[in-house]
Amino acid sequence: MLSIQQPLLVFSDLDGTLLDSHSYDWQPAAPWLSRLREANVPVILCSSKTSAEMLYLQKTLGLQGLPLIGRKWRSDPAC
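At position 21 of the sequence shown the residue is numbered 20 (numbering that gives the first Met the number 0), and the sequence of numbers has no breaks.
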C-alpha cells in the first residue's frame, strides 16, 4: 500500500470531486489538502473550467504555483 512518505503526485478534477457538485464547497477536502501540502505532495487541478476560474480556485485552495490541466486555453490570455 502507498504511504504518504513515498513520492506522490495527486491529480484531481474539480466539479463533483474536489468541489461539491451542487454547492462547489471545498471545505470537506481541506484536511486532506493540508495533509498533502504538509507532506509536499503536489495537487494538480484538472478541469474544463476557464483558466481564470482555475487560477482563482488554485489560489483559494493554497495550490498556487503548481501546474494546471485545462481545456481550450490556447487562446486564453490568462495562460
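Glycine included, every Cβ here is placed at the ideal spot set by N, Cα and C.
Predicted model only: the values in this text are computed from it and were never measured.
Point to revise | For SER47, the three-state DSSP class (helix, strand or coil) | key: Looking up residue 47 in the sequence shown gives position 48. Three-state DSSP puts SER47 in coil, outside helix and strand.
Review point. Which of helix, strand or coil does DSSP assign to SER20?
Key: Within the sequence shown, numbered from 1, the residue matching residue 20 stands at position 21. Looking at SER20 - three-state DSSP - the assignment turns out to be coil, as it is neither helix nor strand.
Review point. Going straight from the alpha carbon of ALA28 to that of VAL42, what length do you get?
Key: Taking the sequence shown and counting its residues from 1, one reaches residue 28 at position 29. Taking the sequence shown and counting its residues from 1, one reaches residue 42 at position 43. Going by the C-alpha atoms only, they are around 12 Å apart.
Check your understanding: In whole angstroms, what separates the C-alpha of ILE68 from that of GLY15?
Key -> Residue 68 sits at position 69 when you count from the first residue of the sequence shown. Residue 15 sits at position 16 when you count from the first residue of the sequence shown. Near 17 Å, if we compare the C-alpha coordinates of GLY15 and ILE68.
**Study point:** Nearest-angstrom Cα separation, counted from GLN5 out to TYR23
**Key:** Within the sequence shown, numbered from 1, the residue matching residue 23 stands at position 24. Within the sequence shown, numbered from 1, the residue matching residue 5 stands at position 6. Taking the straight line joining both Cα atoms gives about 30 Å.
Point to revise | Residue nearest to LEU7 in terms of C-alpha spacing, selected from ASP19, LEU35 and TRP31 | key: Position 8 of the sequence shown, counting from 1, holds the residue named residue 7. Minimum Cα distance to LEU7 is reached at LEU35.
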